[in-house]
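This report refers to the structure that appears directly beneath it.
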Amino acid sequence: MPSKYMIHTKPVPNRFQPVSKSGIIAWEEGCLKCAVCVKKRCVYNVYDRRGIDSHHMIESIDNLCMNCYSCVQNCPKELIHKSLNPEFNAMGDSHWSPPIIVRLWNQSQTGKIPVSGAGYPGPFSGPGFDSMWTDMSEIVRPTRDGIHGREYISTAVDLGKTPEHLIFNGSDTLEGEPPSIIDIPLPIILKMPSFGAISTNTIKGWAMGARRLGTLIALPMKKIDSVLEDRGDCLMPLVLPKGTSVGNIPKNAKIIEIPWTEGWQEVVEDIKGCFPNLFVSVRIPMAEGMEEKALSLARGGISIIHLEGSLMSRFMDNNARNLKDGIRSVHIKLVEENIRDGVTLLASGGLAMAEHVAKAIICGADTVFVDFPILIALECRMCRRCTKGLSCPVQIDTASPNWVASRVVNLIGAWHNQLIEVMGAMGIRDARRLRGEVGRAMFFDDMDRTAFESMGQVEEGCELE
Amino acid sequence: MITGEQKPIDEIREMIAPYKRILVLGCASCVAECAAGGEKETAMLASTLRIAAKMKGEDVLIEEKTLDRQCVRDFVILLDDIIEKYDAVLSLGCGAGVQAVAEMFTEVPIIPAINTEFLGETRDQGYWLESCLGCGDCMLHHFGGICPVARCSKQLFNGPCGGAMDGRCEINPDVECAWHLIVDRLTKFGALDRLENIYPPKDWSKKQGGGPRKIVREDQQK
Amino acid sequence: MTGEQKRTLALYYCQNVPASGERERQDLEEKYGGNIRLFPVPCSGRLEPIHLLLALEEFADVVYIITCPEGTCRYSEGNKRAKKRVEMTRTIIASIGLEVERIGMIIGSKENPISLADHARAAMERTLRLPPSPVHN
Amino acid sequence: MNNSSKLKRVLEGGGFAVTAECGPPKGANSDVVLKKAEMLRNKVDAVNVTDNQTAIVRMSSIAACSLLKTAGLDPVLQMVVRDRNRIALQSDILGASALGIRNVLCLSGDHHIFGNQPQAMGVFDLDSIQFVQVVKMMRDEGKILGGDDLSQPPDLFIGAAANPFADPFDFRVIRLAKKIRAGADFIQTQCIYNLYRFERWMGMARDMGLTDKAYILGGVTPLKSPGMAKYMKTKVSGMDIPDELIKRMEGVPKDKQREEGINICVETIQRLREVPGIKGVHIMAIEWEEVVGEIAERAGLLPRPVFG
Amino acid sequence: MSSQSDFQFPEAVRTRSRFRNPIGKFRVNRTGDCIACGKCVEICPHGVHVERRGRVFVENNYLCVGTECPEPCYKTCPVQALSVRRNPVFDTLGDFRWTNELLAGTWYMAEFGEPPPAGLEYKVGNSGGGFDKLRLIFKGNGSRLEDIDLNLELNRRNDNAHRIRIEFPVYGGGMSYGSVSVTTMVSRARAAAALGTFSCTGEGGYPDELKPYDDHMITQVATGLFGVKEETIQRVKIVEFKYAQGAKPGLGGHLLGDKVTPGVARMREAVVGYPLFSPFPFHSVYSVEDHKKHVDWIKSINPKALVSVKVSTPTDVDMVAVGSYYAGAHIIHLDGSYGGTGAAPDIAKKNIAMPIEYAVPKVHRFLQEEGVRDKMTVIASGGIRTPHDVAKIIALGADGVCTGTADLVALECVRCQNCESGRGCARGIATTDPELSELMNIEWGTQRIINMYLAWRKELIRILKKLGMKSIKELTGRADCLIHLDYM
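Sequences listed follow chains A, B, C, D and E, in order.
Numbered per our numbering, the first sequence spans residues 14 to 478.
Numbered per our numbering, the second sequence spans residues 843 to 1064.
Numbered per our numbering, the third sequence spans residues 4 to 140.
Numbered per our numbering, the fourth sequence spans residues 113 to 420.
Numbered per our numbering, the fifth sequence spans residues -4 to 483.
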């Protein structure tokens, strides 16, 4: 694969001991000090490498343990037990669940895609993106062998408006203005999370990461200081119509965002007045009525629309509805109105795993935003202490920009490879062609009903087993 | 195994008082087995000493390390890379361990942090009992597997003294009379008549041949 | 909190005892600021003397363990071990002239379930009765 | 009869003391002791009685001393810590004093491995310096080691041994100082053949002021043959016999060798008399007590003066 | 064909855990107050307590049934020295699909050859869908028949290839040499032979140790063609084309360099220490016509061989199945997305292709519509964990099943998911590390697997009896014997 399209990752150590799912309780009292001790025989040598992190009072052994249970099962005095770690269960919430957080930490540390042995250990299906499967190609359809670089799979996407067709003049050159688009190598834009122990160094690091990835970072205008000024080309500032002077927009910025307001036309005109070449994306909250708003923006010439979900991957006004359905709904609306190719649809809100990128695109997004994962990449535990003014247990604000950037590059690098994996399996060579390809997905609701709705009948006296 | 117990902290503090950079050195063998000088106890002692030093506002460096065995030179040599960081070593090894470290590292004082006690068995969780004096001439077969040398307060060889009462030793009712046990055992397998012979004076030269005893095994040597 | 004197309490608690969640823990941290450090443990028997010593050495004025009531340990003897270890560690700190009250133990009661917040308040009250630790001054 | 230590009187009176060694028999016959007493009568100030020397069982030192005392000699009771624990040692000190013995020489004792019963258990409960300290405490404070008071303290002139010829050389004089500090009134040294080394040691002792704090008696042993000289040199620890001496012994005909040994001994005594700080000699004629008189005579030490 | 057969199933032989402390749901604690009266030893029907040298010990904690016990020892103990509580370690085991109870239940079956006693949910997992929401419905009292027949004909084309009957509708799925140890492979092969069924080499060559079991082996031809030779194709009665694997559908395989030990390298004709890729897909197959060439190739080398086609479950899995029929295959082996693997990207395990519970009815229906259902043997795999899963998937339209993970669980896999890391399985199952492979021996492994399947067989017979069926063949496609808890 051309190196240009590869994201170079290299392991970046953690700054703190991570929290792990289960721990080891190994009592010494009564220990026989066997000559052939189960601790010495540990395949992973975890007992030789143990130590206490006196800051968090975490035993390193908990993180090193690979859960083989050999010591638990072989200690002659049964002095070793596995336990669930209460700190682990306390992390995050139902969406940012502890396993997701840990997985994000690992990817940010190693830059590698998560690989494991044994089959999938999780639930059959779940809400939102968990209720759909992507497809694969087999025998009767061409497939792609992307991940090992045997075939080139493009993840590049365009932001902006692509013309319906090109007009060439007689000498085979393009007539008129060339299409005005921003080309990014992967369908992911970083987005500054709405909370976190974020310092200027953190933001600087994220911006560095965005630049290394060739993508952008969306952040509020007021977070942009002089240091970030020269990174304008990778910033995507959110300009609030009131209180922010348009003049503060970094000179080399290519794109800005504005929030949805009824009078968005005037705001856009103002901005275009100062920066005629600037792309403007309009954020629509993922909420009732967004289809109409999107339609009006598209019709009004806005080429980039950002659907902003909640940080739980849900609608902002209706917790029962998922991002997946919101994206599909807007996408279908625009398709029905024959205006879909006139806009780029960006989606944000609680994307937590690599597969969400592919699934959001299948549902109709062109590109997605990644928000909290770039905070979790910095060892955030989603404890939200920072929102109460309590200290950050992993002192994110003290991390150096370079460390921040490398962690984010690792994470997105790993996601990028996973995107290539699923695209390869689907036989899709171009991320642009994945958008809205619901034919390459399977939805739980449909399949479950088809398979199981009409089977046996429960009758009186029957027995279930 | 060899047993030991940690010295009182005051005594340890006094011994290390002249030094500023101290390595607290554990031993993962016998003294770990009797919970006196293993990795865990070493960490606890080091932490305790650091706390004490902080309380007194003393500026000292106290670090810990535990060797697999302090009484084997191949393990002791592992200190070679770090020893120069310290001006004293506080060893939780048994007497043999302390001496092995001291012999190799002549430039720093090696201070014992535990009192080495005896050769014993682990009777129960947290209970160690002296059962062997290392006399070099085992005669347990005569005594039903119970050693009068280690376990009789008077080291008698020809039966219990007049002080034995109810199977207890005259020195302390907590102490079992070894001879009572011996008699019981031999009675059980019908060999009590063995004790009718006068057991001759013991050859103590195997224990105290003069100077340290040695075992040299040519088949084991290089 | 009384006055300007600041104390740090390290509170280890068996997750079996107070019906505690991350929420309650955070509420407490909010209430007591940085003066309380809370460490849930899967079993109080997991705590070794070294955990208590390290806390005293590194940051805490006082360390408390909350265990589940006797006879209810999921690991059968974790709370019993914890008790003995606390006693042992107290002997150690006493030997260097530190008040034994700097290591405390609260045994949760089954009949009268007390919230983590109540335990924390009790422990904090007792903490404030002691002068600041000479280890950190 | 004056019941005090004659040795003490001689030394305190400023005389050059002469003591000799008497080995008790390997049997219960008192006549052997009494015969040796007669050989030494009026030839020496006091007679040391060895305590199971080289860990070979002999008549007890305390009994032999008692026999000598009865015969009118001033015995020096040698006691080793090898065979008795502190209880027995203290008890024997009291017994000795009660029997009228007025001198005690506190020793470690030859290790039992060298004796004829190496299987024995060595006691070594106290070491010789601790023992000196205990005797002094008993005598001067009237207490035993455990702190209990004595109904009557023992009356003893306390001696200790010193060996200037063992290693490490520099520590030897420190050990001497410790013995004196522990309470030794007099010191008897190991047999001296290497005068050069002995004089260096004495110099160091003088420099430390030790010669003013205790009476140092130089030990001498007449050689019977070059074979004995070689044996002592190689087999007896802490013995330093210069090669010239062995050559000198070899240089005379066999029937003259004993005579030559006595000559050497006499010359040594004469040299020792010149050494500042030496307050006497201790003649250890091993199982050859009959020559003590001749040696004393030829060394000009007779007749023995009378003090007090 | 008669249901009578000369075949004799082996006896179950109790085969204890390899580990000193097997993990069970409960733990019994004995305090120092015990007076060694021996009452507990007497009353416990499960042998939890043992008496030795006048002292009584809790020796088999894992066999305690806890609250299900009708006469609990802790109530009988005269000095209250006993207490029983749930084993907290038990709660750290397992996952949604293989719950701790399923693991412990399977271990019980592998030890005793019997379904576990009350108190262990060994029938369903906790994934919240598919098998775990499906239930068998029994109406009436079932049959009193004694001769329940579980065998299965694998060649339904009636062509010139072997007529092969397996005595039990389960055979072993492919696990390659490299992903598991030779000990594991041989244990599985020996168990398959003893049970009158088959085991599969997977894609990693055909180790010589398996030669004695050639008649019970399936050899796999996969995209890497590792270890595939004419000789290996000719040795066996069934050859399986592996197009995809359920756990990583659409993706190639990747054996990390560390695991390419000299033994693995020799077998795969590769270089020690270098990673090996199985590409995806077969780059010679982009159509059913290409696929037919493949099948013909095998038939030309071994004309009597049955050809099985192992595919994963894309949306058009039904088309793939029918295509396989037309290409001449005897068996279509559907591997659902929740299947096992030695190593796969997590993203593939969860998100790509469909679970087997959807694929089987889809394929069954389509083959019926095409009129070729009777000519094809449909084998399902990818998440079959229990005898109940077997019955359910057959009722949904399969003829038989392939298992993999269940065998490993019988060998005491704890599903730590580290098969791929470092030296491989720390429990000596999925590893090529010589030292770790020593953790298990073949006799033990064979018997554990045999025991587990004997227990499954008992359960399947019981289920068929309750359904009033005489043969497992009657169950195929009988979705009316099932209900789904969400659609009742």
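Each residue gets a CB set at the ideal place from its N, CA and C atoms; glycine is no exception.
Close-in-space but distant-in-sequence residues of the same chain around residue i (CB under 7 Å, 5 per side omitted)
i: residue 88/E; result: 18, 95, 98 and 409
i: residue 354/E; result: 308, 312, 329 and 331
i: residue 370/D; result: 336
i: residue 440/E; result: 178, 179, 182 and 406
Cβ neighbour criterion (16 or more within 10 Å) applied to residue i
i: residue 142/A; result: buried
i: residue 2/E; result: exposed
i: residue 283/D; result: exposed
i: residue 919/B; result: exposed
i: residue 24/A; result: exposed
i: residue 250/A; result: buried
i: residue 860/B; result: exposed
i: residue 158/E; result: exposed
i: residue 392/A; result: buried
i: residue 327/A; result: buried
i: residue 983/B; result: exposed
i: residue -1/E; result: Residue placement at residue -1/E cannot be trusted, given a pLDDT of 49 that sits under 50; what the coordinates show is reported in the next sentence. Under this definition residue -1/E is an exposed residue.
Given residue i as reference, the closest of the options once Cα atoms are compared
i: residue 125/C; options: 135/C, 109/C and 134/C; result: 109/C
i: residue 332/A; options: 27/A, 416/A, 107/A and 93/A; result: 107/A
i: residue 121/D; options: 157/D, 148/D and 149/D; result: 157/D
i: residue 850/B; options: 924/B, 963/B and 934/B; result: 934/B
i: residue 517/E; options: 36/E, 93/E and 315/E; result: Residue 517/E lies beyond the stretch modelled for chain E, which goes from -4 to 483, so this question has no answer here.
i: residue 183/D; options: 271/D, 262/D and 213/D; result: 213/D
i: residue 121/A; options: 222/A, 377/A and 326/A; result: 222/A
i: residue 39/A; options: 52/E, 13/E, 84/E and 101/E; result: 84/E
i: residue 234/D; options: 1046/B, 871/B and 1059/B; result: 1046/B
i: residue 931/B; options: 907/B, 915/B and 911/B; result: 907/B
i: residue 224/D; options: 251/D, 192/D and 390/D; result: 192/D
i: residue 249/E; options: 137/E, 275/E and 227/E; result: 275/E
Sheet register partners of residue i (DSSP bridge)
i: residue 173/A; result: 194/A
i: residue 375/E; result: 329/E and 396/E
i: residue 146/A; result: 455/A
i: residue 134/D; result: 161/D
i: residue 1011/B; result: 1014/B
Residues near residue i by beta carbon distance below 6 Å, same chain, minus five either side
i: residue 304/E; result: 236, 319, 324 and 327
i: residue 4/C; result: Model confidence at residue 4/C stands at a pLDDT of 42, short of 50, so the residue's coordinates are unreliable; what they give is reported in the following sentence. Result list for residue 4/C: empty, nothing under 6 Å.
i: residue 84/C; result: 48
i: residue 236/A; result: 216
Rounded Cβ spacing between residue i and residue j (contact assumed at less than 8 Å)
i: residue 136/D; j: residue 162/D; result: 7 Å
i: residue 355/A; j: residue 311/A; result: 6 Å
Beta-carbon contacts of residue i that lie in its chain and below 8 Å, excluding the five residues immediately before and after
i: residue 432/A; result: 168, 199, 200, 367, 370, 371 and 444
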